[in-house]
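Working notes, structure below.
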Amino acid sequence: MTTPTPKLPEPALVRSVLVTLTAVAAYLLNRQVDTSWVEPLLTLYTLVAPLIAGLLIRHAVRPVKPTKRPRPAQDN
């Protein structure tokens, strides 16, 4: 039986959420906000996401240690 592994959101989804949150904040503050900070942050996310995914699924893909079985008795 396999355990379900958590999925990290795709970079396109992260980008859209960040831009949307920035737009909502700009509207609420009645200001114009630059979204140029999204791309460097997204680049960092795409570099770190595989590491995070590896840590999250590590327990599911770790090999099982074999159990020690007693040796069968030998007839002399």
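Read in order, the letters of the sequence shown correspond to residues 78 to 153 in my numbering. No residue lacks a Cβ here, since even glycine has one placed at the ideal position from N, Cα and C.
* Asked: Is it a yes or a no for the segment 89-109 touching the segment 144-153, going by three-plus beta-carbon pairs under 8 Å?
  -> no
* Asked: If you draw a straight line from the C-alpha of ASN149 to the C-alpha of LEU133, how long is it?
  -> Here residue 149 refers to the residue found at position 72 when the sequence shown is read from its first residue. Here residue 133 refers to the residue found at position 56 when the sequence shown is read from its first residue. Note on identity: in this sequence residue 149 is Pro, with Asn being the wrong assignment. C-alpha of PRO149 to C-alpha of LEU133: approximately 40 Å in a straight line.
* Alpha-carbon to alpha-carbon, LEU95 and PRO127 -> Locating residue 127 in the sequence shown gives position 50, counting from the first residue. Locating residue 95 in the sequence shown gives position 18, counting from the first residue. Their Cα atoms are separated by approximately 20 Å.
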